[in-house]
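I have placed the structure first, in the form of structure tokens, so that the comments after it can refer back to it.
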Amino acid sequence: MEDLTDIYNELIMEHSMNSYNKKKLDVCDFCEKGHNPNCGDEIELQLKLNGNIIEDMAFLGHGCAISQASTSIMIDTLKGKTIYEAKEIIKTFIEMIKREITNEDELEKLEDAIAFRNVSNMPARVKCALLAWHTIEDMLDNEKINSNIIRGK
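Going left to right, the sequence shown walks through residues 502 to 654 as our numbering numbers them.
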């Protein structure tokens, strides 16, 4: 029987090599660039909202397998969620990577993103795994997004 770490590694490799989320959206409401100067990872996240629900997301850019897979899996995890739910998941992911949260029930909401839990053991890869998550966090904290949601757009 395969061990969970092997399954997680396969998932990360699959997303880094064959990401169907790496594309340009035909229409996007918000776009945010993220850059990790330590290793040169660069992404551009695109977000399409339907009210306060994340209707679609995609990304462009380049980087190591960890940053690319983390971005792709993050998109799968957040699509269809409300902004509030997404912010909770983002906070949980960041706390998991920083080893501030280890409660299995709490981590369950991360779905496939839990595959990155062992990245915390590789300090050089932490910023790679967090790049997309910090980028979407900045995007969702944007005043424009929040004022559009309040006005019901």
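We put the beta carbon where it would ideally sit given N, CA and C, even for glycine.
Report the rounded CA-to-CA distance for valine 627 versus asparagine 551, giving the unit in angstroms.
-> 32 Å
Which term fits valine 528, buried or exposed, when burial requires 16 or more other beta carbons within 10 angstroms of its beta carbon?
-> exposed
State the DSSP-derived secondary structure class of cysteine 532, mapped to helix, strand or coil.
-> strand
Roughly how many whole angstroms lie between the Cα atoms of arginine 600 and lysine 588?
-> 18 Å
What does a CB cutoff of less than 6 Å around methionine 518 pick up in its chain, not counting 5 residues either side in sequence?
-> none
Could you give the DSSP three-state label for asparagine 604: helix, strand or coil?
-> coil
Just the C-alpha distance for serine 621 and glutamate 596, rounded to the nearest angstrom, thanks.
-> 10 Å
Could you tell me which of Leu548, Cys629, Arg618 sits nearest to asparagine 510, measuring between CA atoms?
-> Arg618
Going by DSSP, which residues form a beta bridge with histidine 563?
-> Glu543
Quick one: grab the DSSP three-state call for lysine 654.
-> Low confidence applies to lysine 654: its pLDDT is 48, below 50, so where it sits in the model is not reliable, and the reading given next is rough at best. Here lysine 654 sits in coil by DSSP.
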